[in-house]
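First the structure, in the form of structure tokens, and then the observations on it.
Residue numbers (the working numbering), protein chains in the order written: chain A, 13 to 492; chain B, 5 to 96.
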């Protein structure tokens, strides 16, 4: 903590760390945010437990943060954590509630069984705010409605900005669920390197994306309005990992506008390259019309780069200085802001001071302190009821139901589900086409059965290696 | 849930026993639906993998719906479990 009386530590805060190895969130966005959160908690003296996606997820966490207490998200881990927390239930921080596409179990069933208080991280509700753009597909709309219903079952929301808190309450109809603005933080890799000389005139770096709200086409048109003598000695570097179609469209626009010589469509770049760009750039521009937080503003500031950004959404709070903002819908406003930031030395000094203030505001220590304050002080009463040990659940898989039952009878402990091969299931279908409800296909292991659904899965060792049971057995051995 | 918590405090022991029993029955029903929808989802995935290319788009759409149904069941399950915890936690 940065000040005030020391906070009494209770049970460790549990963080859902599966995003780090998630196929779409890993390494960017939510995956990166969760890493920052865990690092932030360490910095303020907490020892959070990260629940990762199986053994591979634990390995990835250890590689990313060697000192982290990472465990697989399974029933045994939750049971151990419940046993360790004797009088006070530990918080579970759900980090995947707003993931796209919707994860099947953003709040794992074991967490609910244990009765753990859940604090969900609220990044943004941009799809819900613009359904015609993001939720045109009926299936996507239905999933979004479901996400809202699930959001209404959490105990606390941790929003990454005041704007995100405000819009989430409205869009998700959160009623009386408390929402705390915890903000966000920049990773320490983004820093000022005094050995690097900031080129003037130099690069004007823009971080964007193909999404319409990132506002890149309008910024290109604003760049045309910057006087030619200013443009001719500089380069507008657009950093945005976009699909080929978008790249071609932007390239066409650049040629059509006659600014090909002063624009570089750099595509996506690695983090080290981005840091290098920001450490050398003359200016960074962030024209996005709506953000949940707006990390690129803070990343540029942390690299000592003067930054200007759009007015509105979370950027008002993140920037905290109207002088560094422009109207993202007004090309002339954007052009004037760019020109002034490049040529007006007094204004530029103030932008540099604002960048230093932003970098000092959105630090991992501050993020960690706000999370601890929310969970350990303001809402500690939600942990008052002791957690419950999730019951032990066992499943058996075999080629036939008879064989599965035979194995189950010999186990010496209650068996909760039997999984059998498809042929045997089909043979057991009743006249109306329905199946015996206690039987499920053994092929579900490895992709449809959640990692925390069973403590122990016994797959028939006698089943042929090439049978469905044998294949699932090999898969289980390989992913253990 | 806060409203429910307040309501539960006003109920008698007999009422609570009945509510707990209802919740248990609902959870059995939800568990059964969960199994059926999981199976449907699994079979649709397998069908999408084995099917000719033209049917993959349709199967993918149906699979998305099955996943939504599955997630719906899980939301109901979470709501019921929380309700159960509230009812069990009341000592009246």
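We put the beta carbon where it would ideally sit given N, CA and C, even for glycine.
- For the 8 Å CB-CB criterion, residue 289 (chain A) and residue 238 (chain A) do not form a contact.
- The way I'd put it, the region 125-133 of chain A does touch the region 90-110 of chain A; three or more beta-carbon pairs between them come closer than 8 Å.
- By the neighbour-count definition (other C-beta atoms within 10 Å, threshold 16), residue 390 (chain A) is an exposed residue.
- Interface with chain A (8 Å Cβ-Cβ cutoff): residue 11 (chain B) is excluded.
- Residue A:29 holds the alpha-carbon nearest to the alpha-carbon of residue 49 (chain A) among A:201, A:29, A:35 and A:315.
- Look at the region 78-92 of chain B: the residues with a C-beta under 8 Å from a C-beta of chain A are 78, 79, 81, 82, 83, 85, 86 and 89.
- Runs of the alpha helix (DSSP H) lying entirely within the region 85-166 of chain A, each at least 4 residues long, are 87-96, 121-125, 138-141, 143-146 and 150-163 in chain order.
- Within 7 Å of the CB of residue 161 (chain A), the CB atoms of chain B belong to 79, in sequence order along the chain.
- Beta-bridge analysis with DSSP links residue 66 (chain A) to no other residue.
- Distance from residue 479 (chain A) to residue 411 (chain A) at the Cβ level is roughly 5 Å; contact confirmed, criterion being Cβ atoms closer than 8 Å.
- With respect to chain A, the C-beta atom of residue 72 (chain B) has a partner C-beta closer than 8 Å.
- Fully contained in the region 12-56 of chain B are the following alpha helix (DSSP H) runs of length 4 or more, in chain order: 17-54.
- Close CB contacts of residue 271 (chain A) within its chain, under the 8 Å cut and outside five residues either way in sequence, are with 232, 235, 236, 243 and 248 (chain order).
- Classified as exposed, residue 355 (chain A) has fewer than 16 neighbouring CB atoms from the shown chains inside 10 Å of its CB.
- DSSP, read as helix, strand or coil, puts residue 356 (chain A) in coil.
- Note that the C-beta distance between residue 258 (chain A) and residue 222 (chain A) is below 8 Å.
- Under the 10 Å beta carbon count, residue 82 (chain B) is surrounded by 16 or more other beta carbons and is classified as buried.
- With 16 or more other Cβ atoms inside 10 Å of its own Cβ, residue 120 (chain A) counts as buried.
- Of the candidates A:31, A:198 and A:166, A:166 places its Cα closest to the Cα of residue 184 (chain A).
- Between residue 308 (chain A) and residue 323 (chain A), the C-beta gap is not smaller than 8 Å, which leaves the two residues out of contact.
- Below the 7 Å Cβ cutoff, chain A contributes 151 as neighbours of residue 68 (chain B), in chain order.
- Positions of the beta strand (DSSP E) runs, each at least 3 residues long and wholly inside the region 318-363 of chain A, are given as 319-322 in order along the chain.
- Per the coordinates, the alpha-carbon of residue 484 (chain A) lies some 9 Å from the alpha-carbon of residue 456 (chain A).
- Under a 10 Å Cβ-count criterion, residue 92 (chain A) is classified as exposed, with fewer than 16 other Cβ atoms of the shown protein chains found around its own Cβ.
- If you draw a straight line from the Cα of residue 453 (chain A) to the Cα of residue 470 (chain A), it is about 14 Å long.
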